[in-house]
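Asks: Here this note's numbering runs 217 ahead of the position in the sequence shown, where the first position is 1. The C-beta atom is built at its ideal place from N, Cα and C for all residues, glycine as well. Bear in mind that the values here come from a model prediction, so they are computed numbers and not experimental data.
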Amino acid sequence: MRLLMVGQISILNKVIIDEAHKRQSPDSVHYVDLSHVIEDGLVTYKGLPAPIICDYLSREDSRKNYDEGTEFQIGKIEMVSNHRDIY
218 MRLLMVGQIS
228 ILNKVIIDEA
238 HKRQSPDSVH
248 YVDLSHVIED
258 GLVTYKGLPA
268 PIICDYLSRE
278 DSRKNYDEGT
288 EFQIGKIEMV
298 SNHRDIY
């Protein structure tokens, strides 16, 4: 217990009571959004490569490959991530 100027202490008949905090209720749960917009070339962490955001299939290329009047764009995002295994 690290009490100053006290000799050895023994705790007898210790009982641990596991209960929720008295002020916590399901209505008082708050979430904080820590997300931010990721842009092409934005350095998210020093020393890690910046994300690459580009077209996988541009509207121009989709026009070449599909019927007349059909066009669309498919984007591609390449970035590193921190993966944590939870067991």
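Mapping DSSP to helix, strand and coil, what is residue 278?
Replies: Here residue 278 corresponds to residue number 61 of the sequence shown, with the count starting at 1. Correct three-state label for residue 278: helix.
Asks: Between 292, 301, 284 and 281, which lies nearest to residue 257 when the distance is taken from Cα to Cα?
Replies: Along the sequence shown, one-based indexing puts residue 257 at 40. Comparing Cα-Cα distances from residue 257 to each of 292, 301, 284 and 281, the minimum goes to 292.
Asks: With C-beta atoms as the reference, is residue 287 less than 8 Å away from residue 298?
Replies: One-based indexing of the sequence shown puts residue 287 at position 70. One-based indexing of the sequence shown puts residue 298 at position 81. Contact flag unset, no.
Asks: What separation, rounded to the nearest whole angstrom, lies between the Cα atoms of residue 305 and residue 268?
Replies: Given that the chain is displayed from residue 218 to residue 304, the structure contains no residue 305 and the question cannot be resolved.
Asks: Can you grab the Cα-Cα spacing for the pair residue 283 / residue 272, in whole Å?
Replies: The count along the sequence shown starts at 1 and reaches residue 283 at position 66. The count along the sequence shown starts at 1 and reaches residue 272 at position 55. In a straight line, the C-alpha of residue 283 is about 17 Å away from that of residue 272.
Asks: Does DSSP classify residue 257 as helix, strand or coil?
Replies: Working through the sequence shown from its first residue, we reach residue 257 at position 40. Reduced to three states, the DSSP call for residue 257 is coil.
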